[in-house]
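Here is the structure we will look at, set down as structure tokens.
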Amino acid sequence: MRFHRWLARALLVLAAMLALVPPAHARGDPDALPAVELRDLPREARDVLARIETGGPFAYERDGVTFGNREHSLPRRPRGYYHEYTVRTPGERTRGARRIVCGGPPRTPDACYYSDDHYQSFRQIAR
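Just so you know, we're using the working numbering here: the sequence shown kicks off at 8 and counts up by one.
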């Protein structure tokens with residue numbers, strides 16, 4: 008009987024500990040980022056992806072600049088691997104918070120990521 012009570016308590020403690028552990032992508036494991044389907048992106052983001060594949064033109068001067076990944080939110084790659092692009096937000100007078108960051112060759116990127124909160128979180132674009 009004591010063993011059963013001990014086991015029950017141990018399982019409760021384990022369950023409580025697991026509930027406190029955030030998912031891998033929230034712990035900073037960029038290789039475990041959630042995905043977003045292309046069709047689920049805003050139209051403006053799909054337009055930017057099409058422009059990336061054709062090499063532009065882009066709406067903002069900073070589009071295509073190197074994204075430093077200083078927070079290590081994306082998988083670690085050599086400097087210059089990632090480039091960022093602005094996704095227009097209707098009604099915004101500034102560049103807004105929406106971005107796409109792609110890694111690899113500019114017109115044929117290895118992977119692209121979408122952020123709608125100015126790099127606070129990313130979702131990998133499933134293509």
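All C-beta atoms, glycine included, are put in the ideal place defined by N, C-alpha and C.
Predicted model only: the values in this text are computed from it and were never measured.
Contacting residues, own chain, Cβ-Cβ under 6 Å from residue i (five flanking each side not counted)
{"i": "V108", "result": "F74, Y89, E91, Y120"}
{"i": "G63", "result": "none"}
{"i": "R69", "result": "none"}
Reduced DSSP category for residue i - H, G, I as helix; E, B as strand; rest coil
{"i": "V72", "result": "coil"}
{"i": "R50", "result": "helix"}
{"i": "P116", "result": "coil"}
{"i": "A66", "result": "coil"}
{"i": "R9", "result": "helix"}
{"i": "T61", "result": "helix"}
{"i": "L81", "result": "coil"}
Per DSSP, the bridge partner or partners of residue i
{"i": "A133", "result": "E44"}
{"i": "Y121", "result": "I107, R130"}
{"i": "Y92", "result": "I107"}
Whole-angstrom C-beta distance between residue j and residue i, which should lie under 8 Å
{"i": "R134", "j": "L48", "result": "Not really, about 11 Å apart at Cβ, beyond 8 Å."}
{"i": "A104", "j": "G110", "result": "Incorrect: roughly 20 Å between the Cβ atoms, too far for contact."}
{"i": "E51", "j": "R95", "result": "5 Å"}
{"i": "R106", "j": "H125", "result": "7 Å"}
{"i": "V55", "j": "I132", "result": "That pair is no contact at about 11 Å."}
Residues near residue i by beta carbon distance below 7 Å, same chain, minus five either side
{"i": "F65", "result": "R58, G71, Y92"}
{"i": "S128", "result": "S122"}
8 Å Cβ shell around residue i - same chain, five flanking residues per side excluded
{"i": "R86", "result": "T73, G75"}
{"i": "R114", "result": "I59, E60, T61, G62"}
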